[in-house]
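**Student:** Chains as they are written, first to last, in this note's numbering: chain A, 9 to 282; chain B, 59 to 285. To start, I am sharing the structure in question, which I have written as structure tokens.
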Amino acid sequence: MLELKGVSYRYAGYAKAVLQEVDLTLADGEIVGLVGPNEAGKSTLCLVAAGLAPASIKGALTGTLTIDGEPMAGRKTHELASRVVVGFQNPNTQRSGIAATVFEEVALGPQNLGLDVPEIVERTRTAMALLRIEAIQLRDPARLSGGQAQLVAIAALLAMRPRHVILDEPTAQLDPAGTRLVGEALRQLAAGGTSLLIAEHKTDLLDGVCSRIVAIDGGRIALDGPAGDVLADPRLDALGVQPPSRVRLQRAIDEAGIDPRTAAAAAQAMAAVA
Amino acid sequence: MLGGYLGPLVIIALNLVGATIAGVAGRLVRVSVLLTLPIAISVVLVSVFTRAGTTVLFTIGPFDATAEGVDFAAQTLVRLLAIALSIGLFGMTTDPRAFVLDLERRRLSPRFAFVALATLEAVPAMVERAGVIQASQRARGLDTEGSLRARVRGVVPLAGPVILSSLTEVEERSLALEVRAFGRPGRRHLLWRNPDSTAQLVARAALLLLLVGSIVGKVTGAFPQTP
Numbered sequence: 009m010l011e012l013k014g015v016s017y018r019y020a021g022y023a024k025a026v027l028q029e030v031d032l033t034l035a036d037g038e039i040v041g042l043v044g045p046n047e048a049g050k051s052t053l054c055l056v057a058a059g060l061a062p063a064s065i066k067g068a069l070t071g072t073l074t075i076d077g078e079p080m081a082g083r084k085t086h087e088l089a090s091r092v093v094v095g096f097q098n099p100n101t102q103r104s105g106i107a108a109t110v111f112e113e114v115a116l117g118p119q120n121l122g123l124d125v126p127e128i129v130e131r132t133r134t135a136m137a138l139l140r141i142e143a144i145q146l147r148d149p150a151r152l153s154g155g156q157a158q159l160v161a162i163a164a165l166l167a168m169r170p171r172h173v174i175l176d177e178p179t180a181q182l183d184p185a186g187t188r189l190v191g192e193a194l195r196q197l198a199a200g201g202t203s204l205l206i207a208e209h210k211t212d213l214l215d216g217v218c219s220r221i222v223a224i225d226g227g228r229i230a231l232d233g234p235a236g237d238v239l240a241d242p243r244l245d246a247l248g249v250q251p252p253s254r255v256r257l258q259r260a261i262d263e264a265g266i267d268p269r270t271a272a273a274a275a276q277a278m279a280a281v282a
Numbered sequence: 059m060l061g062g063y064l065g066p067l068v069i070i071a072l073n074l075v076g077a078t079i080a081g082v083a084g085r086l087v088r089v090s091v092l093l094t095l096p097i098a099i100s101v102v103l104v105s106v107f108t109r110a111g112t113t114v115l116f117t118i119g120p121f122d123a124t125a126e127g128v129d130f131a132a133q134t135l136v137r138l139l140a141i142a143l144s145i146g147l148f149g150m151t152t153d154p155r156a157f158v159l160d161l162e163r164r165r166l167s168p169r170f171a172f173v174a175l176a177t178l179e180a181v182p183a184m185v186e187r188a189g190v191i192q193a194s195q196r197a198r199g200l201d202t203e204g205s206l207r208a209r210v211r212g213v214v215p216l217a218g219p220v221i222l223s224s225l226t227e228v229e230e231r232s233l234a235l236e237v238r239a240f241g242r243p244g245r246r247h248l249l250w251r252n253p254d255s256t257a258q259l260v261a262r263a264a265l266l267l268l269l270v271g272s273i274v275g276k277v278t279g280a281f282p283q284t285p
């Protein structure tokens, strides 16, 4: 379990805290979606939950980060790496720059953990298979499309087999097929007991994979509840977050006064397409 | 007679043989000559006309060109060329990633390996980014072509975003590496090793002996001294 309790965070040199009194728990095997308008504090929350702030990004943190029952205060980032990882939205900045092939890029994390070669190879192959990127394993990571690079970046994190995964807009550069692929991979991870926090503007992805949604605004948690309830909550619109297509379709059906049986058939059709 | 020339000439000959075998002789000579040309011109001018000597070849104004100056300039030039050819041949025939990772296998710090490779990658990455930023600035009406003045004016709005985005990228990349336990102390197991034949082992041992012999020869004065 990953737990943030009473967390406030202020970047060095800033007068105002970006996060204020945030309480958030990720249970094992739970996928939590994080939504909110721009500058709401989503990325900062991801950095704090991963232990990067303030360990690597200087600032003032109050409150506690606890992972699997152990407080993480004062831990170095590399000590957290086997427990929690965080992926950023730009895959190019996540490329190590020292790997000649995609395989080596994905293998870098397990290598850094000091694992034996057979274990490194097994983890790397499994992570690549999960995101179906085996076909590009011998390609130069610097010469991939944005979508391929994003899948490689996620595979590189998953190869470390952390108990907790935090992803900041993991599908920003992915097409619908790639987004579905990532969604499937995340569901498989959660089924294995990994907890996930996904900050994402694409609420359709969150609607498909998350059991819970947390909406953040002005550094404070505004909404927190089951995915179906929060994504259909009109207050989400007020925060500037577009509800998923399913919810928008349902609202359109309601507004048009279409027969509920027809609406149910449409909802079923939507679910099948999703 | 060949005292100060023999060593560099042997190195030049060996480099040319190696470059011919590798199929890069033409490019190597071209690049090496171009790289040494600016230094060569200044060396020739300074050495030929300012080096003290007894045999004056010709005079230009207050400057005497001496035979000793010409000899010194020629020796310096063959040395420069030997150095340029050696570095050039190494660069043209060695994959930097393979080289640095092999050094890491020989106990070089992974951090040094990262710095070396990231530096190599930084230049083409910055050039690529500059191209993108230049195209977007031009789309917004910035004149980056035409007169020299227009080009100089265009540099400022180009340089700022290139430098700032590079710095941001470095910060994000270092965070991403930290997440992947890059800062963890201790050694890591490498996935592969470069093929290393017996001939390569023998060549390396011979070069090492040559290096030690050269240093000993230089220290003991066995080699001809620089004029």
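Glycine included, every Cβ here is placed at the ideal spot set by N, Cα and C.
If you follow the beta strand (DSSP E) that A/P234 is part of, which residue opens it and which one closes it?
**Tutor:** By one-based count along the first sequence, residue 234 of chain A stands at place 226. That run of the beta strand (DSSP E) goes R228 to P234.
**Student:** Give the residues of chain B in contact with A/A164, contact being defined as C-beta atoms less than 8 Å apart.
**Tutor:** Walking along the first sequence from the start, residue 164 of chain A turns up at place 156. In chain order: R238.
**Student:** Below 8 Å on the Cβ atoms is my guess for B/L233 versus A/L60; work out the distance and round it to an integer in Å.
**Tutor:** Here residue 233 of chain B corresponds to residue number 175 of the second sequence, with the count starting at 1. Here residue 60 of chain A corresponds to residue number 52 of the first sequence, with the count starting at 1. Yes, B/L233 and A/L60 are in contact; Cβ-Cβ is about 6 Å, under 8 Å.
**Student:** Tell me which same chain residues have a C-beta within less than 8 Å of the C-beta of B/A281, skipping the five on either side of it?
**Tutor:** Position 223 of the second sequence, counted from the start, is the residue given in the question as residue 281 of chain B. According to the sequence displayed, residue 281 of chain B carries Phe and not Ala. Closer than 8 Å at Cβ, skipping near neighbours: G65, S272 and G275.
**Student:** Give me the Cα-Cα distance between B/G212 and B/P219, rounded to the nearest whole angstrom.
**Tutor:** For the purposes of this step, residue 212 of chain B is taken as residue 154 along the second sequence, with counting starting at 1. For the purposes of this step, residue 219 of chain B is taken as residue 161 along the second sequence, with counting starting at 1. So the alpha carbons of these two residues sit roughly 12 Å apart.
**Student:** Classify A/A58: buried if its beta carbon has 16 or more other beta carbons within 10 angstroms, exposed otherwise.
**Tutor:** Here residue 58 of chain A refers to the residue found at position 50 when the first sequence is read from its first residue. So A/A58 ends up on the buried side.
**Student:** Give me the Cβ distance between B/G146 and B/S90, rounded to the nearest whole Å; I'm assuming they're in contact under 8 Å.
**Tutor:** Working through the second sequence from its first residue, we reach residue 146 of chain B at position 88. Working through the second sequence from its first residue, we reach residue 90 of chain B at position 32. That belief holds up - the Cβ atoms of B/G146 and B/S90 are roughly 5 Å apart, short of 8 Å.
**Student:** Can you give the beta carbon distance from B/R238 to A/M168, rounded, assuming they're within the 8 Å contact cut?
**Tutor:** In the second sequence, the residue the question calls residue 238 of chain B occupies position 180. In the first sequence, the residue the question calls residue 168 of chain A occupies position 160. So it is a contact: roughly 7 Å between Cβ atoms.
**Student:** Quick one, are the C-beta atoms of B/F116 and B/A123 less than 8 Å apart?
**Tutor:** Counted from its first residue, the second sequence places residue 116 of chain B at position 58. Counted from its first residue, the second sequence places residue 123 of chain B at position 65. Yes.
**Student:** At the 8 Å Cβ level, is B/M59 part of the contact set with chain A, yes or no?
**Tutor:** Locating residue 59 of chain B in the second sequence gives position 1, where the first residue counts as 1. Residue confidence is low: B/M59 scores 48 on pLDDT, short of 50, so the model does not pin down where it sits. No coordinate-derived value is stated.
**Student:** Of the residues A/G265, A/A23 and A/A223, which one's Cα is nearest the Cα of A/D245?
**Tutor:** Along the first sequence, one-based indexing puts residue 245 of chain A at 237. Minimum Cα distance to A/D245 is reached at A/A223.
**Student:** So, with DSSP's three-state summary, where would you put B/P253?
**Tutor:** What you label residue 253 of chain B is simply residue 195 of the second sequence in a count that begins at 1. Residue state, collapsed to three classes: coil.
**Student:** In whole angstroms, what separates the C-alpha of A/P251 from that of A/G200?
**Tutor:** Translated into the one-based positions of the first sequence, residue 251 of chain A becomes position 243. Translated into the one-based positions of the first sequence, residue 200 of chain A becomes position 192. Computed Cα separation, rounded: 29 Å.
**Student:** Quick check on the DSSP output: the alpha helix (DSSP H) that includes A/G186 runs from which residue to which?
**Tutor:** Within the first sequence, numbered from 1, the residue matching residue 186 of chain A stands at position 178. P184 to A199 is the extent of the alpha helix (DSSP H) around A/G186.
**Student:** Tell me which residues share the same chain as B/V82 and place their Cβ nearer than 8 Å to its Cβ, disregarding the 5 neighbours each side in the sequence.
**Tutor:** Locating residue 82 of chain B in the second sequence gives position 24, where the first residue counts as 1. Same-chain partners within the cutoff: L147, M150 and T151.
**Student:** Along the segment 93-119 of chain A, where does the CB come closer than 7 Å to a CB of chain B? Name the residues.
**Tutor:** Against chain B - using a Cβ distance shorter than 7 Å - the residues of the segment 93-119 of chain A are V93, V94, F96, N98, T101, Q102, S104, G105, I106, A108, E112, A115, L116, G117 and Q119.
**Student:** Name the DSSP beta bridge partners of A/V93, please?
**Tutor:** What you label residue 93 of chain A is simply residue 85 of the first sequence in a count that begins at 1. Bridge partners of A/V93: A/V173.
**Student:** So which residues of chain B does A/D124 contact, with C-beta pairs closer than 9 Å?
**Tutor:** Your numbering for residue 124 of chain A matches position 116 in the first sequence. Those are H247, listed as they occur along chain B.
**Student:** Any beta carbon from chain B within less than 8 Å of A/I128's own beta carbon?
**Tutor:** Numbered from 1 along the first sequence, position 120 holds the residue referred to as residue 128 of chain A. Judged by the 8 Å Cβ criterion, A/I128 is in contact with chain B.
**Student:** Going straight from the alpha carbon of A/L55 to that of B/V210, what length do you get?
**Tutor:** Along the first sequence, one-based indexing puts residue 55 of chain A at 47. Along the second sequence, one-based indexing puts residue 210 of chain B at 152. Those two C-alpha atoms are separated by around 41 Å.
**Student:** Give the single residue among B/N252, B/L216 and B/R187 whose Cα lies nearest to the Cα of B/L200.
**Tutor:** Along the second sequence, one-based indexing puts residue 200 of chain B at 142. The residue with the shortest Cα to Cα distance from B/L200 is B/L216.
**Student:** A/G67 to A/V93, Cα distance in whole Å?
**Tutor:** As a first step, residue 67 of chain A must be located in the first sequence, where it is residue number 59. As a first step, residue 93 of chain A must be located in the first sequence, where it is residue number 85. In a straight line, the C-alpha of A/G67 is about 20 Å away from that of A/V93.
**Student:** For the segment 244-253 of chain B against the segment 104-123 of chain A, are there 3 or more C-beta pairs whose distance is under 8 Å?
**Tutor:** Result yes; three or more Cβ-Cβ pairs closer than 8 Å.
**Student:** Could you name the residues that DSSP lists as bridge partners for A/D212?
**Tutor:** Walking along the first sequence from the start, residue 212 of chain A turns up at place 204. Paired residues: none, contrary to the question.
**Student:** Taking 8 Å as the CB-CB cut-off, is B/L225 touching chain A?
**Tutor:** As a first step, residue 225 of chain B is located in the second sequence; it is residue number 167 there, counting from the start. Closer than 8 Å: no.
**Student:** For A/K62, name the three-state secondary structure that DSSP assigns.
**Tutor:** Within the first sequence, numbered from 1, the residue matching residue 62 of chain A stands at position 54. Just to set this straight, residue 62 of chain A is Pro in the shown sequence, not Lys. Reduced to three states, the DSSP call for A/P62 is helix.
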